[in-house]
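Under the UniProt record's numbering, the first residue of the sequence shown is numbered 1, with each subsequent residue one higher.
All remarks here apply to the structure that follows.
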Amino acid sequence: GIDTNITYSNQSNLVVERVTLYPIKSCHGFTIPPSSSWPVTSQGLLYDREWMLVNLRTGKALSQKIFPRMTLIRPVVFRDKELLVISAPGHDPLQIKLNEYPDDIDSSTTCSSQVCGDKIETFIYTSPHITNWFTNFLGIPCRLARQPPITNNDNNFIQSQRFIKPHLDVPLTNAHLSLSNESPFLLISRNSVNHVNEMILENENKDETIVEDCFRANILIKATCEYEEDEWKMIRIGGQVFRLIGPCRRCHMICINHETAEKIKEPYSTLAKYRRFKGKIFFGQHMIHDAELSDSPFEIKSGAKLEILEKFQDQQEIFRKPYQKIKPHDGRSDGRNDGRGDGGRGGDGRSDAEETGSMLCESTDVVYFGVVLKSTFIIVNKYDDNDTKTSTPRWTTPTILGSVAGAHRYFFCR
């Protein structure tokens, strides 16, 4: 068990900068006022991803990736008035009562509704006024749907059919999921966002720096250094304990400007160069709430202190051990023999390190690929664009760069 009375030292700079929920899936976020605490549930922040827009023709949930104007739809939750007020450019505000659900489940529609491939059933708002409001703004026939309330009866369709995705490390059986894609909570750090912008500027894409909104996180924190959150296994925010269950896999949806709905190439293009692992791009950490270790009432607010309760024992664990088969290389330039991993692609003898390194050869400088083993950062791969124009990385003799404190922040160091 974890002794939650013990925390890591030097955490005075760890604090929650902002708390955000996304009442309507794929639409703009609602930032909790700094003076307000917000309820935390097993499925996420109260009202987070509780509504969605459903394509009338296909029954699938609409996605901002396909319909970028969804980001211009701004829902605001007024808990004191029990109202969800929705605004969009050129439209009068639309009001939805928080304490009322549509009268019936529209089985003819919801039986074929899908969220990330999951077939679900939801309450459908059949009011022509509501349907026309969203249809006219987005230019596609759609209706507003709401997740059924959490109950213990058999009609609680969503809770019985949607669970946290199996690729995440969830210590609970059949952990429930709302209308969010993969997990109840998503955390990112201001330091990591700033580092992304630094990398974008290095690539001379000065007009495409990004803000944290594109990552659609629930909790934005101020950390000590960039990507520090990759190491955390359990944290406490105020009196609430969260378990970090895996990194967030990113798609091109992060390339939509949340103020203009314009599609750009950043930050995906830059992240692909140094946050790519086994063909996927990661940024941010998925979390679940541990009610048993948390204080009542279950609430969170910006400005709360963050404490690290547990870290991964080995840096290799951070991305679900993607480098567990990599061994120090013997210096051969072809990347084979004693240094190759035993999990090569298609039996051709190439290691995971060689595969991943090949993906980074777009850089115009020296790129190092390394892993942290027993508190030491070891280079197992190097590519120098000034030395060779081939797409095959040069292998170098493993080199010690220094302690974890000095080198662990980057898996790919330039």
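We put the beta carbon where it would ideally sit given N, CA and C, even for glycine.
Given 8 Å as the limit, is there contact between the region 88-103 and the region 133-146, that is, 3 or more CB pairs closer than that? yes
Could you give the uninterrupted runs of the alpha helix (DSSP H) lying entirely in the region 202-284, keeping only those of 4 residues or more? 268-274
Determine the burial state of P89: buried for a count of at least 16 other Cβ atoms within 10 Å of its Cβ, exposed for fewer. Burial call: exposed.
Considering only C-alpha positions, which residue in the set C27, T122, F298 is nearest to V241? For the options C27, T122, F298, the alpha carbon positioned closest to that of V241 is the one of F298.
Endpoints, beta strand (DSSP E) assigned at F312: Counting along the chain, F312 sits inside no beta strand (DSSP E), nor does DSSP assign it H or E at all.
To the nearest angstrom, report how far apart V211 and G59 are at their CA atoms. Using only the alpha carbons, I get a separation of about 32 Å.
Would DSSP call E299 helix, strand or coil? strand
Under the rule that 16 or more other beta-carbon atoms within 10 Å means buried, what is C248, buried or exposed? Counting Cβ neighbours within 10 Å, C248 comes out buried, since at least 16 surround it.
Please tell me whether W232 and K301 are closer than 9 Å, where the distance is taken between their beta carbons. no
Mapping DSSP to helix, strand and coil, what is R18? strand
Can you tell me the Cβ-Cβ gap for L21 and L45, rounded? I've got them flagged as a contact below 8 Å. At roughly 4 Å, the Cβ-Cβ gap stays under 8 Å, so L21 and L45 are in contact.
Run through the DSSP bridge pairs and tell me what W51 is partnered with. I24, R146
Residues of its chain near M70, where Cβ-Cβ distance is below 6 Å and the 5 sequence neighbours each way are ignored: Answer for M70: S26, C27, Q64, listed in chain order.
Tell me the residue span of the beta strand (DSSP E) that contains L138. Premise fails: L138 lies in the alpha helix (DSSP H), 128-138, not in any beta strand (DSSP E).
So, do the region 248-257 and the region 276-290 have three or more beta carbon pairs nearer to each other than 8 Å? The region 248-257 vs the region 276-290: in contact.
Rounded to whole angstroms, what's the CA-CA distance from T110 to L62? Just pull it up for me. Caution is warranted here: a pLDDT of 45 is assigned to T110, below 50, making its placement in the model unreliable, and the coordinate value is therefore given only provisionally. If I take the Cα positions, the gap works out to 14 Å.
Could you check if I237 is buried or exposed, using at least 16 other CB atoms within 10 Å of its CB as the buried criterion? buried
Where do the ends of the beta strand (DSSP E) carrying K60 lie? Run containing K60: none; DSSP gives neither H nor E here.
Where do the N-terminal and C-terminal ends of the beta strand (DSSP E) with Q11 fall, by residue? Unbroken run through Q11: none, as it is neither H nor E.
Which one or two residues does DSSP pair with T31 in a beta bridge? Beta-bridge analysis with DSSP links T31 to T20.
Can you tell me whether E198 sits near the ligand FMN, meaning its C-beta is under 8 Å from at least one heavy atom of the ligand? The ligand FMN is absent from the structure shown, which contains no ligand whatsoever.
Contact under 9 Å by Cβ, R255 with Y268: Checking the sequence shown, residue 255 turns out to be Cys, not Arg. Cβ distance < 9 Å, so C255 and Y268 count as in contact.
Near E17, which residues of its chain fall below 7 Å by C-beta distance, leaving aside the five closest residues on each side in sequence? R190, L220, I221, K222, S302
In three-state terms, what does DSSP make of S294? coil
Return the first residue and the last residue of the beta strand (DSSP E) that P75 is part of. 74-78
Just to confirm my understanding: we take L373, look at its own chain, exclude 5 residues before and 5 after, and list those with CB closer than 7 Å. What are they? The predicted model places L373 with a pLDDT of 39, which falls under 50 and marks its position as unreliable; any figure quoted below should be read in that light. Counting only Cβ-Cβ distances below 7 Å, and skipping sequence neighbours, we find nothing.
Can you check DSSP and say which residues form a bridge with M287? For M287, which the question treats as bridged, DSSP gives the partners F185, L244.
Taking the straight line between their C-alpha atoms, what separation do you get for I245 and I288? I245 and I288 have their C-alpha atoms roughly 7 Å apart.
Can you tell me whether S192 is helix, strand or coil according to DSSP? helix
Using a 10 Å radius around the Cβ and a threshold of 16 neighbouring Cβ atoms, would you call E121 buried or exposed? So E121 counts as buried.
Any idea what DSSP makes of E100, helix, strand or coil? coil
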